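Student: Residue numbers (numbering that gives the first Met the number 0), protein chains in the order written: chain A, 0 to 143; chain B, 0 to 143. C-beta atoms are modelled at their ideal positions from N, C-alpha and C, and glycine is treated no differently. Remember, predicted model here, so these are calculated numbers, not experimental data. Got a structure here, written out as structure tokens. Questions coming.
Number of protein chains: 2
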Amino acid sequence: MQLTQHTDYAIRVLLYAQSHPDRLVNITEIADFYQISRSHLAKVVAALTQTGYLQGVRGKKGGLKLGLDPAEINLGTLVTQFEPLNLVECFSDKNQCVITTNCRLKNVLFEATKAFLAVLNQYTLHDLKMQPDVIQFISLKPTN
Amino acid sequence: MQLTQHTDYAIRVLLYAQSHPDRLVNITEIADFYQISRSHLAKVVAALTQTGYLQGVRGKKGGLKLGLDPAEINLGTLVTQFEPLNLVECFSDKNQCVITTNCRLKNVLFEATKAFLAVLNQYTLHDLKMQPDVIQFISLKPTN
Numbered sequence: 000m001q002l003t004q005h006t007d008y009a010i011r012v013l014l015y016a017q018s019h020p021d022r023l024v025n026i027t028e029i030a031d032f033y034q035i036s037r038s039h040l041a042k043v044v045a046a047l048t049q050t051g052y053l054q055g056v057r058g059k060k061g062g063l064k065l066g067l068d069p070a071e072i073n074l075g076t077l078v079t080q081f082e083p084l085n086l087v088e089c090f091s092d093k094n095q096c097v098i099t100t101n102c103r104l105k106n107v108l109f110e111a112t113k114a115f116l117a118v119l120n121q122y123t124l125h126d127l128k129m130q131p132d133v134i135q136f137i138s139l140k141p142t143n
Numbered sequence: 000m001q002l003t004q005h006t007d008y009a010i011r012v013l014l015y016a017q018s019h020p021d022r023l024v025n026i027t028e029i030a031d032f033y034q035i036s037r038s039h040l041a042k043v044v045a046a047l048t049q050t051g052y053l054q055g056v057r058g059k060k061g062g063l064k065l066g067l068d069p070a071e072i073n074l075g076t077l078v079t080q081f082e083p084l085n086l087v088e089c090f091s092d093k094n095q096c097v098i099t100t101n102c103r104l105k106n107v108l109f110e111a112t113k114a115f116l117a118v119l120n121q122y123t124l125h126d127l128k129m130q131p132d133v134i135q136f137i138s139l140k141p142t143n
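Take a look at the structure:
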């Protein structure tokens with residue numbers, strides 16, 4: 000059981016943008032910072048922009064910034080929007096499990112997922128804020 | 000976020016064995032019943048036997064049966080044993096995320112996973128018991 004890379008990277012991008020409230024950021028520097036694929040990150044950023052979590056500023060000095068106040072970015076809402084929460088086959092449209100109509104597992108897993116999200120609902124991006132000096136330290140470290 | 004097929008199939012195998020308390024079952028019939036890969040199922044059955052959830056009976060009339068009372072098979076324990084609960088990269092040994100030491104996300108996801116498992120801990124295999132007549136009905140349906 001793990002979050003998709005898409006959701007994981009979405010949270011990381013928002014954390015990075017939050018750590019630089021005084022300037023715009025861009026995809027290349029975020030990819031360099033986390034040492035992750037730029038092309039994958041571009042898709043994540045597109046989704047974050049489309050959903051309003053990020054705001055793009057056009058132009059030569061353009062870039063990205065948070066589209067919402069960090070205290071308004073609820074983790075549970077974010078994960079629900081980005082993550083396919085199909086715990087087992089019968090949660091999805093492509094379900095072919097023969098016992099579906101007679102199986103109680105789905106309800107139990109649904110209840111457990113609700114409890115999982117209820118915890119995330121208690122936190123916002125603001126609660127995850129990283130120390131600016133640590134961000135700066137990591138940025139300055141050689142990547143080799 | 001989804002359970003691995005390994006865990007999903009493990010639960011299905013136990014549900015099937017529970018539905019046939021009066022006789023031994025075997026891998027072929029379980030694969031036929033669920034219409035899933037026999038070879039994948041064989042690995043799952045091996046793991047269930049090794050952990051004591053299933054008991055193998057050798058011989059010409061051999062087969063498999065539950066190794067524990069259904070009321071003793073706790074869903075939370077089973078999922079914890081079968082499922083890699085590495086929600087994001089930093090939960091695993093292969094973690095390379097640069098912000099790990101300064102990131103609060105791990106604790107939040109750990110708390111959420113605990114809540115997820117706490118729900119599963121409230122249920123046993125016995126609680127998921129299927130109606131025997133429905134199992135029989137599904138078994139009799141033509142699979143085309």
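#1: Assess contact between the stretch 106–116 of chain B and the stretch 19–29 of chain A, defined as three or more Cβ pairs (one per stretch) separated by less than 8 Å. Is contact present?
#2: Does DSSP put residue 122 (chain A) in a helix, a strand or coil?
#3: Are the C-beta of residue 86 (chain A) and some C-beta of chain B separated by less than 7 Å?
#4: Measure the C-alpha to C-alpha separation of residue 0 (chain B) and residue 85 (chain B) and round it to an integer number of angstroms.
#5: Can you list, in chain order, the residues of its chain whose CB lies under 8 Å from that of residue 88 (chain B), leaving out five sequence neighbours each side?
#6: How about the stretch 69–83 of chain B and the stretch 1–18 of chain B: do they share at least three Cβ pairs that are nearer than 8 Å?
#7: Which residue comes first and which comes last in the alpha helix (DSSP H) that contains residue 42 (chain A)?
#8: From the beta carbon of residue 106 (chain B), is the nearest beta carbon of chain A less than 7 Å away?
#9: Distance cutoff 7 Å, beta carbons only. Does residue 82 (chain A) sit that close to anything in chain B?
#10: For residue 52 (chain A), which residues of its own chain have a beta-carbon under 8 Å away from its beta-carbon, when the five flanking residues on both sides are left out?
#11: If I measure Cβ to Cβ from residue 74 (chain A) and keep anything under 6 Å in the same chain, skipping five residues before and after, which residues do I get?
#12: Output needed for residue 37 (chain A): all residues of its chain with C-beta closer than 7 Å, excluding positions within five of it in sequence on either side, in chain order.
#13: For a contact meaning CB atoms closer than 9 Å, what does residue 118 (chain B) contact in chain A?
#14: Around the Cβ of residue 91 (chain B), are there at least 16 other Cβ atoms within 10 angstroms (buried) or fewer (exposed)?
#15: Buried or exposed, going by whether 16 or more other CB atoms sit within 10 Å of the CB of residue 143 (chain A)?
#16: Residue 20 (chain A) to residue 111 (chain A), Cα distance in whole Å?
#17: At which residue ranges does the stretch 43–108 of chain A contain complete alpha helix (DSSP H) runs of 4 or more residues, listed in the order of the chain?
Tutor: Put simply:
#1: no
#2: Taking the first sequence and counting its residues from 1, the one referred to as residue 122 (chain A) is at position 123. Correct three-state label for residue 122 (chain A): coil.
#3: By one-based count along the first sequence, residue 86 (chain A) stands at place 87. It does: the Cβ of residue 86 (chain A) has a partner Cβ on chain B nearer than 7 Å.
#4: Here residue 0 (chain B) is taken as the residue at index 1 of the second sequence, counted from 1. Here residue 85 (chain B) is taken as the residue at index 86 of the second sequence, counted from 1. Their backbone Cα atoms lie some 10 Å apart in a straight line.
#5: Position 89 of the second sequence, counted from the start, is the residue given in the question as residue 88 (chain B). These residues qualify, in order along the chain: 94, 95, 96.
#6: yes
#7: For the purposes of this step, residue 42 (chain A) is identified with residue 43 of the first sequence, where counting begins at 1. Note, residue 42 (chain A): alpha helix (DSSP H), 37–49.
#8: By 1-based counting over the second sequence, the position of residue 106 (chain B) is 107. Chain A, which has no Cβ nearer than 7 Å to the Cβ of residue 106 (chain B), makes this no.
#9: For the purposes of this step, residue 82 (chain A) is taken as the residue at position 83 of the first sequence. Yes, residue 82 (chain A) counts as interfacial toward chain B.
#10: Start at 1 with the first residue of the first sequence, and residue 52 (chain A) comes out as number 53. Within the same chain, residue 52 (chain A) has close Cβ partners 9, 13, 65, 66, 67, 72, 77.
#11: The count along the first sequence starts at 1 and reaches residue 74 (chain A) at position 75. Taken in chain order, the residues that qualify are 119, 122.
#12: Start at 1 with the first residue of the first sequence, and residue 37 (chain A) comes out as number 38. Excluding sequence neighbours, residue 37 (chain A) sits near 26, 27, 30.
#13: By 1-based counting over the second sequence, the position of residue 118 (chain B) is 119. Within chain A, the residues near residue 118 (chain B) are 107, 108, 110, 111, 112, 113, 114, 115.
#14: Counting from one through the second sequence, the residue named residue 91 (chain B) turns up at place 92. Exposed.
#15: As a position in the first sequence, residue 143 (chain A) is number 144, starting the count at 1. Because the pLDDT at residue 143 (chain A) is just 48, under 50, the model does not fix this residue reliably, and the point stays unresolved.
#16: As a working note, residue 20 (chain A) is residue 21 in the first sequence. As a working note, residue 111 (chain A) is residue 112 in the first sequence. Distance between the alpha carbons of residue 20 (chain A) and residue 111 (chain A) is about 36 Å.
#17: 74–81
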